[in-house]
Amino acid sequence: MSQAPESTNCSFSDVDELTKTLQLAVHLPTFLVGLLLNLLAIRGFGSFLKRRRDYAATSIYMINLAIFDLLLVLSLPFKMALSRVQPPSPAFCTLVECLYFISMYGSIFTISSISLDRFLAIQYPLLVSHLRSPRKTLGICFAIWLLVWTGSIPIYSFHGQVETYTCFHNMSDGTWSAQVFFPLEVFGFLLPMGVMSFCSYRNIRTLLSRRDRTQDWVQQKACIWTIGASLAVFVVSFLPVHLGFFLQFLVRNGFIVQCGAKRGISLFLQLSLCFSNINCCLDVFCYYFVIKEFRADLMAHRPSRVRLVLQDTVTTRG
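Residue numbers for the sequence shown follow the numbering used here, beginning at -6 and rising by one.
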């Protein structure tokens, strides 16, 4: 999804060759590390899901996020290969592109849902306690899958009537029309980022204000780190990509015509797409802090050894 069709006066071949080399250097370790980390995350949150109902909602969201990350990981080898050669069929190319972008926007919607869920749990704990059941959380995750699959429909016309193309390149002019681009940019990124930024700010502010009034500061601090890590991963992974989409929209609609600017934008977009794939590994920071938060909560509610000894002594004497 990187460049405009080549003209006689402006060539992108050297830009493409550079990004193909970088893709190889970035995608191979991302594939190996991301595959391992996300399989471990699914296993880890699966065990927490069975352990306590209190952790069910968050665990389901995290498993859903890990599955989207796995989709991205599994699409990377095909993305590397198909960006170099002509695809065996248009349908196969479309399938790989669908998996790639579905995993990206599925991750965006899942992370923003986690942030909103945490915001409601912190700000209105009594009001939303009945809304965080495993069944309702599964329903939200199902709605996310339905939304991203429905939103992938424009991908089927990515290449339109373009005769020669490779996957993720040479998209048709219709792909960059305002009718397709602005709903994707607003509802697929700006709105989720706005929700997540607002919820993260309010949550961190609320937790810091409770510092002197609670004995569970270790648990509160783990929660703050989880919120901060999620926001940082979200911004680093997805903001450059959507900025690149916007700049490429300006190129494809004739607002930017200088060859040097067009080449620079093509390079920026391809690099931002390449490095955004590391998101499937960066999410491990979110997993780490959530698991740390779970463990802090378990320790906070676990009776101390001294208390257990005293209880056993009283029981024996009684």
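Cβ coordinates follow ideal geometry from the N, Cα and C atoms, glycine included.
Classification of residue i by the beta-carbon crowding that lies within 10 angstroms, buried from 16 upward
i, result
"Gly99", "buried"
"Phe61", "buried"
"Gly181", "buried"
"Val299", "Model confidence at Val299 stands at a pLDDT of 39, short of 50, so the residue's coordinates are unreliable and nothing is read from them."
"Thr14", "exposed"
"Gly237", "buried"
"Asp9", "buried"
"Gln213", "buried"
"Leu183", "exposed"
"Gln172", "exposed"
"Asp7", "exposed"
"Cys91", "buried"
"Phe94", "buried"
"Ala137", "Before going further, note that residue 137 is Ile rather than Ala in the sequence given. So Ile137 counts as buried."
"Val179", "exposed"
"Pro185", "buried"
Cβ-based neighbour list, residue i, same chain, cut-off 7 Å, excluding 5 preceding and 5 following
i, result
"Lys255", "Ala(-3), Cys3, Val244, Ile249"
"Asn196", "Arg111, Phe112, Ile115, Ile220"
"Met55", "Ala34, Phe38, Tyr280, Val283"
"Leu201", "none"
"Leu303", "Caution applies to Leu303, whose pLDDT of 36 falls short of 50 and renders its modelled position unreliable; the value that the coordinates give is listed next. No residues qualify anywhere along the chain."
"Cys331", "Coverage of the chain is limited to positions -6 through 311, which leaves residue 331 absent and any answer about it impossible."
"Arg36", "none"
"Phe41", "Tyr48, Ser52, Phe287"
"Asp276", "Leu58, Asp62, Val226"
Own chain, CB closer than 6 Å to residue i, minus 5 neighbours either side, in chain order
i, result
"Phe71", "Val89"
"Leu11", "none"
"Ala34", "Ala59, Tyr280"
"Phe24", "Val66, Leu69"
"Cys252", "Cys3"
"Ser122", "none"
"Ala50", "Arg125, Thr130"
"Ile271", "Thr23"
"Phe174", "Phe242"
"Val19", "Cys267"
Enclosing alpha helix (DSSP H) for residue i [first to last residue]
i, result
"Thr168", "Element bounds for Thr168: n/a, residue is neither H nor E."
"Phe135", "127 to 144"
"Phe248", "From DSSP, Phe248 is part of no alpha helix (DSSP H); its letter is neither H nor E."
"Ile271", "Neither: Ile271 is in no alpha helix (DSSP H) and is coded neither H nor E."
"Arg198", "184 to 202"
"Leu118", "Correcting the residue type first, residue 118 is Pro in the shown sequence and not Leu. First-last of the alpha helix (DSSP H) with Pro118: 118 to 121."
Whole-number beta carbon distance between residue j and residue i, since they are thought to touch under 8 Å
i, j, result
"Val26", "Cys274", "5 Å"
"Leu140", "Phe102", "7 Å"
"Cys160", "Ser68", "Not a contact, Cβ separation roughly 10 Å."
"Val66", "Leu28", "5 Å"
"Val226", "Phe278", "6 Å"
"Ser223", "Ile107", "7 Å"
"Cys192", "Leu109", "6 Å"
"Ser259", "Phe5", "5 Å"
"Gln241", "Leu264", "The pair is not a contact, with the Cβ atoms about 13 Å apart (cut-off 8 Å)."
Chain D contact for residue i (CB, 8 Å cutoff)
i, result
"Tyr194", "Any reference to chain D falls outside this structure, which holds one protein chain only."
Beta-carbon contacts of residue i that lie in its chain and below 8 Å, excluding the five residues immediately before and after
i, result
"Val188", "Ser105, Ser108, Leu109"
"Arg203", "Gln213"
May I have a chain-ordered list of the alpha helix (DSSP H) segments no shorter than 4 residues that lie completely inside the region 7 to 89?
49 to 75
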